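Peer 1:
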Amino acid sequence: MAERLLDVQHLQTHFFTRGGVVKSVEDVSFYIDEGETLGLVGESGCGKSVTSLSLMRLIESPPGKIVGGKVLFQGDDIVQMDEEELHKLRGGKIAMIFQDPMTSLNPLFSVGFQIAEAVKTHLKLDDRAATDRAVQMLDLVRIPEARRRIDHFPHEFSGGMRQRVMIAIALSCNPKLLIADEPTTALDVTIQAQVLDLMKGLAQEFNTATLLITHDLGVVAGTCERVAVMYAGRIVETAPTRTVFKNPAHPYTQALLNAVPRADTPRGAKLAAIGGQPPNLVNLPKGCPFAPRCRKAQARCRVELPLLETVGPNQQVACFYPY
Amino acid sequence: MKIEETPDNFQALDTVGAVGNQPSTPEGIAALGGTEQQTAGVTQAELDRRAETETREATTEGQSLSPLQASMRRLGRDRRAMFFMALVLILIVVSYVGPLVWTRVGPTILTGAAGLDKSGPASYHNYVFEDLSRQNANSSSLHPFGTDAIGRDILARIMAGVNVSIEVALLVEIMDIGLGVTIGTLAGYYGGWLATFLDRFTDLMFAFPGLLFAILAAATLGPVFQSRLGLPGRLILVSMALGISVWPFMARLVRGQTLQLREQQFIEASRTVGSSNRHIIMSHIVPNLFNIVIVAATLDVVNTIVSEAVISLLGLGVQTPGSSLGLMINDAAAVIAVYPWEVVWPTAVLAILVLAFSFMGDGVQDAFNPRTKD
Numbered sequence: 109m110a111e112r113l114l115d116v117q118h119l120q121t122h123f124f125t126r127g128g129v130v131k132s133v134e135d136v137s138f139y140i141d142e143g144e145t146l147g148l149v150g151e152s153g154c155g156k157s158v159t160s161l162s163l164m165r166l167i168e169s170p171p172g173k174i175v176g177g178k179v180l181f182q183g184d185d186i187v188q189m190d191e192e193e194l195h196k197l198r199g200g201k202i203a204m205i206f207q208d209p210m211t212s213l214n215p216l217f218s219v220g221f222q223i224a225e226a227v228k229t230h231l232k233l234d235d236r237a238a239t240d241r242a243v244q245m246l247d248l249v250r251i252p253e254a255r256r257r258i259d260h261f262p263h264e265f266s267g268g269m270r271q272r273v274m275i276a277i278a279l280s281c282n283p284k285l286l287i288a289d290e291p292t293t294a295l296d297v298t299i300q301a302q303v304l305d306l307m308k309g310l311a312q313e314f315n316t317a318t319l320l321i322t323h324d325l326g327v328v329a330g331t332c333e334r335v336a337v338m339y340a341g342r343i344v345e346t347a348p349t350r351t352v353f354k355n356p357a358h359p360y361t362q363a364l365l366n367a368v369p370r371a372d373t374p375r376g377a378k379l380a381a382i383g384g385q386p387p388n389l390v391n392l393p394k395g396c397p398f399a400p401r402c403r404k405a406q407a408r409c410r411v412e413l414p415l416l417e418t419v420g421p422n423q424q425v426a427c428f429y430p431y
Numbered sequence: 010m011k012i013e014e015t016p017d018n019f020q021a022l023d024t025v026g027a028v029g030n031q032p033s034t035p036e037g038i039a040a041l042g043g044t045e046q047q048t049a050g051v052t053q054a055e056l057d058r059r060a061e062t063e064t065r066e067a068t069t070e071g072q073s074l075s076p077l078q079a080s081m082r083r084l085g086r087d088r089r090a091m092f093f094m095a096l097v098l099i100l101i102v103v104s105y106v107g108p109l110v111w112t113r114v115g116p117t118i119l120t121g122a123a124g125l126d127k128s129g130p131a132s133y134h135n136y137v138f139e140d141l142s143r144q145n146a147n148s149s150s151l152h153p154f155g156t157d158a159i160g161r162d163i164l165a166r167i168m169a170g171v172n173v174s175i176e177v178a179l180l181v182e183i184m185d186i187g188l189g190v191t192i193g194t195l196a197g198y199y200g201g202w203l204a205t206f207l208d209r210f211t212d213l214m215f216a217f218p219g220l221l222f223a224i225l226a227a228a229t230l231g232p233v234f235q236s237r238l239g240l241p242g243r244l245i246l247v248s249m250a251l252g253i254s255v256w257p258f259m260a261r262l263v264r265g266q267t268l269q270l271r272e273q274q275f276i277e278a279s280r281t282v283g284s285s286n287r288h289i290i291m292s293h294i295v296p297n298l299f300n301i302v303i304v305a306a307t308l309d310v311v312n313t314i315v316s317e318a319v320i321s322l323l324g325l326g327v328q329t330p331g332s333s334l335g336l337m338i339n340d341a342a343a344v345i346a347v348y349p350w351e352v353v354w355p356t357a358v359l360a361i362l363v364l365a366f367s368f369m370g371d372g373v374q375d376a377f378n379p380r381t382k383d
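Those protein sequences? They're chains A and B, same order as listed.
FYI, the numbering for the first sequence is 109 to 431, going by the working numbering.
FYI, the numbering for the second sequence is 10 to 383, going by the working numbering.
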């Protein structure tokens, strides 16, 4: 068993707005072992991105605040860290890549400069060594003619290439954890495959654990070892990828899987959808947040909140009536 | 963890089948439809090559240009802008170097009310020298533009007047950019009370015309500044008054751009690698403001030059014996019916100066903000 790298326990992040307290992350617990890839899945607005930003303490405050829980990274609680420790953590130990490669690079500086900048801060290299490192990283993400390309500007790269440059920046300081927030959503399918493949390969090479945030179950199937499913600020199910796809326990997970269009769906058939809307995060309903949309909901679901419980090998689910 | 046997459900979901390390069974690929086969057929190298050609076509002459270099190149290709920029430069160079030459050119002549004093060009080609034997003189080789009502060389006074216009414009733009960018960036980045203050102050300045404010300031504080700092005191006062009235507009522009920039992912990305706010502002926000600031400042020079002329025209700016295009127009206006040329010269130079800056500003705008070009 690999070392436990990240252990998130009952994380709570709220936003204090004029319209009330938005409970974006209400109770999130999961762990990632060294070198492991965990997929965090959920529909828009369920708190995936807020969770990832909380891990790096990048929640803008005000209005946001981590109001409870622990984020243990190599045994240290990130929630309690001071600015100096955070500075070392960000980029050095935890790196992040984003959804939109078109705006994640500063248009005014060459890509080499932008890779070198990160390297200089965290690895304390001089200009020359930093440039060499930049070339090496571009090579690793398979940008051809890296030596020449480091002097090029972001607008001279295609979307997929820019995302690979982002991966190069993220991995340039040998982080222990890579948070990828929907890294392929803005790319087309062929490039998605390339980028995911590359990310997975490099993560293995660098022994970097990956938290892959996505709403694309296909991406999860292809890259993750374990999956955590989020709904309305809570983890509702977590299990090895295979178990989730083969034997989903939570009705929400089941509904998500049913909603994915399959190549063997008969022509003209209607796509399965989950009726209703996700709950308002300001006024969460009493009981299970998924109950209003759940086909299996019973009276108990509407009054009592189910907590994560182990139902199978490595599988935990927050539901009174799983499967 | 490696997944060996692939359940049906799993395989069909794997829309990026070429990615994972699961073996793609032929049935699996068939279930996914034809498109997947195409993807698998395209190698990484092939995709790179395609992207490479695409970007090469986008760049000019196979050379890599930063956005700033590209803008400069666009500006260089704009003939009209380059013509007017050259004109502006010529006017500036002539107005500063000209007097050095002009005060050395010319014979020794007799001047003074009685026509008995011997003077060289260092005197009579100086913009403050009054030759009372040659009042309202016509154009001659000695005074190409003639002399004014008290016998001062108009060419020398025009050059001195252009100096004033340029200096005021420079001081005002320094204030405009300095205050506007600093406060605009901070207000945009941090928000809070600074943003509120900026909003209210700009509203105030919108309601209260800047020129009127400058006139008021020049009229009330002018004598104080002049007695403390001498003749340049007025010039500094006018510059400050104009600067104070224009910076809120620059600040508002900068704040708008900053608000937009701070939501860009490269700012967020910079935060995730541990950058401080200071670093983000200095190396990500401010450089990205360059374009809009340079355009706004260039176009604002036109207003500043006109405003200074108006204030001097009203007699509230530069005082005699100092020179300013506005002041010259005002002085000559008294004798316009008899000696119209005395008004025409400074007016024409003012017009050329303003038009040159204006056309240059348009060119800069097109080059630095190409999207605003129709």
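Cβ coordinates follow ideal geometry from the N, Cα and C atoms, glycine included.
This one's a predicted model, so the numbers in the text were calculated from it and none came from an experiment.
Is Leu-166 of chain A close to chain B, meaning its C-beta is less than 9 Å from at least one C-beta of that chain?
Peer 2: For the purposes of this step, residue 166 of chain A is taken as residue 58 along the first sequence, with counting starting at 1. So yes, Leu-166 of chain A belongs to the interface.
Peer 1: Quick check: the Cα distance between Glu-36 of chain B and Phe-217 of chain A, rounded to an integer number of angstroms?
Peer 2: Position 27 of the second sequence, counting from 1, holds the residue named residue 36 of chain B. Position 109 of the first sequence, counting from 1, holds the residue named residue 217 of chain A. In this prediction, Glu-36 of chain B has a pLDDT of 48, which is less than 50 and means its spatial position is unreliable; nothing more can be read from the coordinates.
Peer 1: Can you tell me whether DSSP reads Ala-195 of chain A as helix, strand or coil?
Peer 2: For this step, residue 195 of chain A is matched to residue 87 along the first sequence. Note on residue identity: the sequence assigns His, not Ala, to residue 195 of chain A. The three-state reading of DSSP puts His-195 of chain A in helix, counting H, G and I together.
Peer 1: Flag Val-181 of chain B as yes if its beta-carbon sits less than 9 Å from any beta-carbon of chain A, otherwise no.
Peer 2: Here residue 181 of chain B is taken as the residue at index 172 of the second sequence, counted from 1. False, the Cβ-Cβ gap to chain A never drops below 9 Å.
Peer 1: Given this structure, state the Cα-to-Cα distance separating Thr-211 of chain A from Ser-160 of chain A, to the nearest angstrom.
Peer 2: Reading the first sequence from its first residue, position 103 is the one you call residue 211 of chain A. Reading the first sequence from its first residue, position 52 is the one you call residue 160 of chain A. Looking at the two C-alpha atoms, the distance is approximately 19 Å.
Peer 1: Using the Cα positions of Gly-155 of chain A and Met-204 of chain A, report the straight-line distance between them to the nearest angstrom.
Peer 2: The residue given as residue 155 of chain A occupies position 47 in the first sequence. The residue given as residue 204 of chain A occupies position 96 in the first sequence. The straight-line gap from Cα to Cα measures roughly 17 Å.
Peer 1: Opposite Ser-128 of chain B in the DSSP bridges: which residues?
Peer 2: The sequence position of residue 128 of chain B within the second sequence is 119, counting from 1. DSSP output for Ser-128 of chain B lists B:Ile-118 as bridge partner(s).
Peer 1: At a CB-CB cut-off below 7 Å, which residues of chain B make contact with Ala-238 of chain A?
Peer 2: Indexing the first sequence from 1 puts residue 238 of chain A at position 130. None at all; the shortest Cβ gap to chain B is about 13 Å.
Peer 1: To the nearest angstrom, how far is the alpha carbon of Pro-430 of chain A from that of Val-419 of chain A?
Peer 2: What you label residue 430 of chain A is simply residue 322 of the first sequence in a count that begins at 1. What you label residue 419 of chain A is simply residue 311 of the first sequence in a count that begins at 1. C-alpha separation (whole angstroms): 8 Å.
Peer 1: Are there 16 or more other CB atoms within 10 angstroms of the CB of Met-291 of chain B, so buried, or fewer, so exposed?
Peer 2: Within the second sequence, the letter at position 282 stands for residue 291 of chain B. When all chains shown are included, Met-291 of chain B counts as exposed.
Peer 1: Does any residue of chain B bring its CB to less than 9 Å from the CB of Glu-225 of chain A?
Peer 2: As a position in the first sequence, residue 225 of chain A is number 117, starting the count at 1. With 9 Å as the cut-off, Glu-225 of chain A counts as an interface residue toward chain B.
Peer 1: Using DSSP's beta-bridge definition, name the partner residues of Asp-162 of chain B.
Peer 2: Stepping through the second sequence from its first residue, residue 162 of chain B is reached at position 153. According to DSSP, Asp-162 of chain B bridges with B:Thr-156.
Peer 1: Below 8 Å, can you find three or more Cβ-Cβ pairs linking the region 253-260 of chain A to the region 287-303 of chain A?
Peer 2: no
Peer 1: Return helix, strand or coil for Gln-423 of chain A, following the three-state DSSP convention.
Peer 2: Locating residue 423 of chain A in the first sequence gives position 315, counting from the first residue. DSSP places Gln-423 of chain A in strand when its eight states are reduced to three.
Peer 1: How long is the line joining the alpha carbons of Leu-166 of chain A and Val-363 of chain B, rounded to whole angstroms?
Peer 2: The sequence position of residue 166 of chain A within the first sequence is 58, counting from 1. The sequence position of residue 363 of chain B within the second sequence is 354, counting from 1. In a straight line, the C-alpha of Leu-166 of chain A is about 49 Å away from that of Val-363 of chain B.
Peer 1: Counting only beta-carbon separations shorter than 9 Å, does Gln-274 of chain B have a partner in chain A?
Peer 2: In the second sequence, counting from the first residue as 1, residue 274 of chain B sits at position 265. Answer yes: the Cβ-Cβ gap between Gln-274 of chain B and chain A drops below 9 Å somewhere.
Peer 1: Cutting at 7 Å between CB atoms, please list the residues of its own chain near Leu-389 of chain A, excluding the five before and the five after it.
Peer 2: What you label residue 389 of chain A is simply residue 281 of the first sequence in a count that begins at 1. Correct list, in chain order: Val-130, Lys-131, Ser-132, Ala-340 and Gly-341.
Peer 1: Which residues of the region 178-202 of chain A have a Cβ closer than 9 Å to any Cβ of chain B? Give them in chain order.
Peer 2: Glu-191, Leu-194, His-195, Lys-196, Leu-197, Arg-198, Gly-199, Gly-200 and Ile-202
Peer 1: Along the alpha helix (DSSP H) that carries Glu-225 of chain A, what are the first and last residues, could you check?
Peer 2: Locating residue 225 of chain A in the first sequence gives position 117, counting from the first residue. Its alpha helix (DSSP H) spans residues 219-231.
Peer 1: Note down, in chain order, all residues in the region 323-354 of chain B with a beta-carbon under 9 Å from any beta-carbon belonging to chain A.
Peer 2: none
Peer 1: From the DSSP secondary-structure annotation, give me the bridge partner or partners of Ala-336 of chain A.
Peer 2: The residue you call residue 336 of chain A lines up with position 228 of the first sequence. DSSP lists A:Leu-148 and A:Thr-346 as the beta-bridge partner residues of Ala-336 of chain A.
Peer 1: For Asp-309 of chain B versus Asp-126 of chain B, is the C-beta distance shorter than 9 Å?
Peer 2: Here residue 309 of chain B is taken as the residue at index 300 of the second sequence, counted from 1. Here residue 126 of chain B is taken as the residue at index 117 of the second sequence, counted from 1. No, Cβ-Cβ distance for Asp-309 of chain B and Asp-126 of chain B is not below 9 Å.
Peer 1: Identify the contact partners of Asp-208 of chain A in chain B, using a Cβ-Cβ distance below 8 Å as the criterion.
Peer 2: Your numbering for residue 208 of chain A matches position 100 in the first sequence. Residues of chain B with a Cβ closer than 8 Å to the Cβ of Asp-208 of chain A are, in chain order, Gln-274.
Peer 1: Which residue comes first and which comes last in the beta strand (DSSP E) that contains Ala-203 of chain A?
Peer 2: Counted from its first residue, the first sequence places residue 203 of chain A at position 95. Looking at the DSSP string, the run of the beta strand (DSSP E) that includes Ala-203 of chain A is 202-205.
Peer 1: Please say whether Leu-231 of chain A and Val-179 of chain A have beta carbons closer to each other than 9 Å?
Peer 2: Counting from 1 along the first sequence, the entry for residue 179 of chain A is found at position 71. Counting from 1 along the first sequence, the entry for residue 231 of chain A is found at position 123. Result no, Cβ atoms of Val-179 of chain A and Leu-231 of chain A do not sit closer than 9 Å.
Peer 1: Tyr-348 of chain B: buried (16+ other C-beta within 10 angstroms of its C-beta) or exposed?
Peer 2: Working through the second sequence from its first residue, we reach residue 348 of chain B at position 339. Classification for Tyr-348 of chain B: buried.
Peer 1: Could you tell me which of B:Leu-179, B:His-134 and B:Leu-325 sits nearest to Ala-165 of chain B, measuring between CA atoms?
Peer 2: Residue 165 of chain B sits at position 156 when you count from the first residue of the second sequence. Here the closest residue by C-alpha is B:His-134.
Peer 1: Flag this pair as yes or no: are the beta carbons of Ala-365 of chain B and Leu-100 of chain B separated by less than 9 Å?
Peer 2: Numbered from its first residue, the second sequence carries residue 365 of chain B at position 356. Numbered from its first residue, the second sequence carries residue 100 of chain B at position 91. Yes. Within cutoff.
Peer 1: Between which two residues does the beta strand (DSSP E) carrying Gly-176 of chain A extend?
Peer 2: Translated into the one-based positions of the first sequence, residue 176 of chain A becomes position 68. For Gly-176 of chain A, the uninterrupted beta strand (DSSP E) segment begins and ends at 172-181.
Peer 1: What does the alpha-carbon distance come out to for the pair Gln-312 of chain A and Asp-324 of chain A?
Peer 2: For this step, residue 312 of chain A is matched to residue 204 along the first sequence. For this step, residue 324 of chain A is matched to residue 216 along the first sequence. Rounded to whole angstroms, Gln-312 of chain A to Asp-324 of chain A spans 22 Å at the Cα level.
Peer 1: Given a threshold of 16 other Cβ atoms within 10 Å of its Cβ, counted over all protein chains shown, does Asn-30 of chain B qualify as buried or as exposed?
Peer 2: Reading the second sequence from its first residue, position 21 is the one you call residue 30 of chain B. Here Asn-30 of chain B scores only 43 on pLDDT, less than 50, and its place in the model should not be relied on; the value that follows carries that caveat. Counting Cβ neighbours within 10 Å, Asn-30 of chain B comes out exposed, since fewer than 16 surround it.
Peer 1: Smallest Cα separation from Gly-176 of chain A: which of A:Gln-188, A:Pro-170, A:Gly-183 and A:Glu-168?
Peer 2: Within the first sequence, residue 176 of chain A is the residue found at index 68, counting from 1. The candidate whose alpha carbon is nearest that of Gly-176 of chain A is A:Gln-188.
Peer 1: What does DSSP give as the partner residues of Ala-317 of chain A in its beta bridges?
Peer 2: Here residue 317 of chain A refers to the residue found at position 209 of the first sequence. According to the DSSP secondary-structure assignment, Ala-317 of chain A is paired through a beta bridge with A:Leu-285.
Peer 1: Is the beta carbon of Ile-277 of chain A sitting closer than 9 Å to the one on Val-282 of chain B?
Peer 2: Within the first sequence, residue 277 of chain A is the residue found at index 169, counting from 1. Within the second sequence, residue 282 of chain B is the residue found at index 273, counting from 1. Against a cut-off of 9 Å, the Cβ pair of Val-282 of chain B and Ile-277 of chain A comes out as a contact.
Peer 1: For Ile-140 of chain A, does the three-state DSSP call read helix, strand or coil?
Peer 2: Locating residue 140 of chain A in the first sequence gives position 32, counting from the first residue. Correct three-state label for Ile-140 of chain A: strand.
Peer 1: Let's test the definition: count the other Cβ atoms within 10 Å of the Cβ of His-118 of chain A and tell me whether it reaches 16, buried, or not, exposed.
Peer 2: To locate residue 118 of chain A, count along the first sequence from 1; it is residue 10. By the neighbour-count criterion, in which a residue is buried when 16 or more other Cβ atoms sit within 10 angstroms of its Cβ, His-118 of chain A is exposed.
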